[in-house]
Every structure is written in structure tokens, then in C-alpha cells.
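Since the structure comes first, as C-alpha cells, the remarks are kept for the end.
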Amino acid sequence: MKKIKKTPGPNHLTNYEKKYPVANWSDFKNYNGGEGYQCIRNQILKDQGGLCAYCETKIIDLPPHKQRVEHFHAKSDKAFKNKNWALDWNNIFGVCIGGDDSDKKLHPLPENLSCDSHKNHLFNKKQLPEACEKFLVNPLKMIATPCLFDFHKATGELRPNINTQKHESKKNDYEISEELLKKSIDILNLNCDRLKQQRLLILKKYNQMIAKARKRNDKECFSKISALWFKDKWQSFFTTRRLLLGKHAEVFLSKIGYDG
215 MKKIKKTPGP NHLTNYEKKY PVANWSDFKN YNGGEGYQCI RNQILKDQGG
265 LCAYCETKII DLPPHKQRVE HFHAKSDKAF KNKNWALDWN NIFGVCIGGD
315 DSDKKLHPLP ENLSCDSHKN HLFNKKQLPE ACEKFLVNPL KMIATPCLFD
365 FHKATGELRP NINTQKHESK KNDYEISEEL LKKSIDILNL NCDRLKQQRL
415 LILKKYNQMI AKARKRNDKE CFSKISALWF KDKWQSFFTT RRLLLGKHAE
465 VFLSKIGYDG
């Protein structure tokens, strides 16, 4: 999970919201043959560097039925008369389908659901409110640097970075604290076996690259791997790769002006 920077409006959704402020999400998806929805979907994925907003798997090249648009704050929330969460440009992200398509024998459900699939699972069980902001960090509110997570190489788990101080957000009413990050990992189930195994594959590949570089006595290997992994926006499991490369990743990301 990383910071996301959205391209500001106006766009098809903001224009639609202005014209039809009380419409719902289905209305927008079907409006004008779905042309506006498809443009919005493409923009979301471009803004996110092709990654799922939560687990960071690469989804931009997947078929449409393996991608979806997620509402961070439940679009069903009608508590505020002047707030339509369904049509709020800053309330939507592109996500994977959260393990719904995985091999159920290898990765049984619901314990291997992740991202909005697990979030909705908790919501349906009344274990998460529609207004989830106090329980789940919003990628738009995250800081880009330093990284707010640690990677546990023995298990493939993501954990809160306990060395990171609390970061206040002027745009939000809560602190991005260790507790909030822990809750976010749990709500999105980012440490399910399926995702841990995928992160460990990144670690295995990284170790192989380093071993080959050492045999060649390649002293520039870390900067080369940083360029390979981060010069284009972005490869899968961005945060895992960033944490594996440590200071080398931070130097490269600083040079390219990384801010989400």
C-alpha cells in the first residue's frame, strides 16, 4: 500500500456529478453507453501506475473482469444530504478482485480474500462501518516518504514501520499511526497467505539478482536494480521492492521526484 496521487478534475465523473448530483454509481456507469465510466477507469489505473490501490498487484493489463472500481467510503452511505459518496472522484480507486479468482484449494476463502473483497466481507458482517476512515488509511492521505511499512522476510508479511513517527494529515481528522496501519493491514487482509507467497517470490528473485551481481563483482547492482524496478510507473508490489532495496531505493526515488 502506497500513496496515490489522483489527477485533479474536471473529468467525466466530476462533470456528471455536477449535472446529476443525486444519481448513483450505476447511473454513471451506464450513462452514454459507459463511455465516461471507461475513461474514468483508465485514468484511475494510470494514476495508480497500473497497481491495485491496496495490495499493489499489477492489474492494468488484466481483462476488465479482473479489475474493479472501489469506493473507499461506502457509496451506500446517505448520512449527509449534500454528500454523494458514489460520485466523489476522490473516493474511488482501482483494485484487484481480491482473490476471488484464485485456486480455492491452495487459497481457501474467505481467509484469502484481500483488498476491497475482504473489506466488503467485514462490512457485510457488520464488522466495519460505512464511514471507515478511522479504521483504514486512505491512500490519498498517506505520505510518500518515508515508507510507512516494514517487510518481514521470513514470512512475507507487511508490518507497520515502528520507527516512523506519527504523521498528521491536514486533509484528514486522524493520525496515520502504527495502530491505524495495523488496522488497515487487517481490514484489507494484506497478510493473507496468497499475498505473502507472492511477496516472497519477489524476495527470491531479488536474492537471485544480488547473488548473480556479486559473482560478477558488480558494485552498481543496487542502483541498477533500483532503475529496473522504479524507472517506469510501477512494477507489482512496489512497497516490497522498495523495502528490499532500502536506502538504494530511496536515493533513486528521490532523484525521480517520487511523490506517489
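Residue 236 in the numbering used here sits at position 22 of the sequence shown, with consecutive numbering throughout. Note that CB positions come from ideal geometry on N, CA and C, so glycine has one too.
For a quick check, are the C-beta atoms of residue i and residue j less than 8 Å apart?
| i | j | result |
| --- | --- | --- |
| Ile-311 | Ala-267 | no |
| Ala-288 | Asn-238 | no |
| Lys-447 | Leu-402 | no |
| Cys-406 | Glu-325 | yes |
| Cys-361 | Arg-456 | yes |
| Leu-372 | Leu-404 | yes |
| Phe-363 | Thr-271 | no |
| Asn-298 | Val-236 | yes |
| Gly-264 | Ile-274 | yes |
| Asn-304 | Lys-220 | yes |
Please report the distance separating the alpha-carbon of residue i from that of residue j.
| i | j | result |
| --- | --- | --- |
| Gln-252 | Ser-331 | 21 Å |
| Gly-248 | Lys-418 | 42 Å |
| Leu-394 | Phe-349 | 6 Å |
| Met-215 | Leu-409 | 12 Å |
| Leu-459 | Gly-308 | 26 Å |
| Asn-352 | Ser-290 | 18 Å |
| Ile-424 | Lys-340 | 47 Å |
| Glu-284 | Ile-306 | 5 Å |
| Leu-276 | Asn-256 | 12 Å |
| Leu-336 | Pro-343 | 9 Å |
| Tyr-234 | Met-356 | 31 Å |
| Phe-242 | Lys-426 | 52 Å |
| Gly-370 | Arg-413 | 6 Å |
| His-346 | Lys-397 | The question names His, yet the displayed sequence has Cys at residue 346. Near 11 Å, if we compare the C-alpha coordinates of Lys-397 and Cys-346. |
| Ser-450 | Ala-463 | 15 Å |
| Lys-429 | Cys-435 | 11 Å |
| Glu-382 | Ile-390 | Low confidence applies here, because Glu-382 scores a pLDDT of 46, under 50, leaving its location unreliable; read the following figure in that light. Going by the C-alpha atoms only, they are around 7 Å apart. |
| Thr-359 | Asp-261 | 18 Å |
| Leu-442 | Lys-433 | 16 Å |
Looking at the strands, I want to know which residues DSSP matches up with residue i.
| i | result |
| --- | --- |
| Thr-272 | Correcting the residue type first, residue 272 is Lys in the shown sequence and not Thr. Leu-265. |
| Phe-363 | Pro-374 |
If you reduce the DSSP assignment to three classes, tell me which class residue i lands in.
| i | result |
| --- | --- |
| His-279 | helix |
| Phe-294 | coil |
| Gly-308 | strand |
| His-287 | coil |
| Ser-450 | coil |
| His-321 | coil |
| Gly-460 | coil |
| Phe-436 | helix |
| Thr-221 | coil |
| Met-423 | helix |
| Cys-329 | helix |
| Arg-430 | coil |
| Thr-228 | helix |
| Ser-316 | coil |
Which residue's Cα is closest to the Cα of residue i: the options?
| i | options | result |
| --- | --- | --- |
| His-321 | Thr-454, Gln-411, His-462 | Gln-411 |
| Tyr-245 | Trp-303, Leu-265, Leu-227, Ile-258 | Leu-227 |
| Asn-225 | Lys-438, Asp-241, Gly-250, Asp-261 | Gly-250 |
| Asp-302 | Phe-466, Asn-377, Asn-229 | Asn-229 |
| Phe-444 | Lys-220, Lys-433, Asp-473, Asp-432 | Asp-473 |
| Asp-493 | Lys-292, Asn-338, Gln-281, Phe-286 | Limits of the chain in this structure are 215 at one end and 474 at the other, which puts residue 493 out of reach. |
| Pro-278 | Lys-319, Leu-259, Ser-440 | Leu-259 |
Please tell me whether residue i has its Cβ less than 8 Å away from any Cβ of chain D.
| i | result |
| --- | --- |
| Asp-275 | Of the chains in the structure shown, none is chain D; there is only one protein chain. |
Is any heavy atom in the ligand NAD found nearer than 7 Å to the beta carbon of residue i?
| i | result |
| --- | --- |
| Cys-406 | In the structure on display, the ligand NAD does not appear, and there are no ligands present to speak of. |
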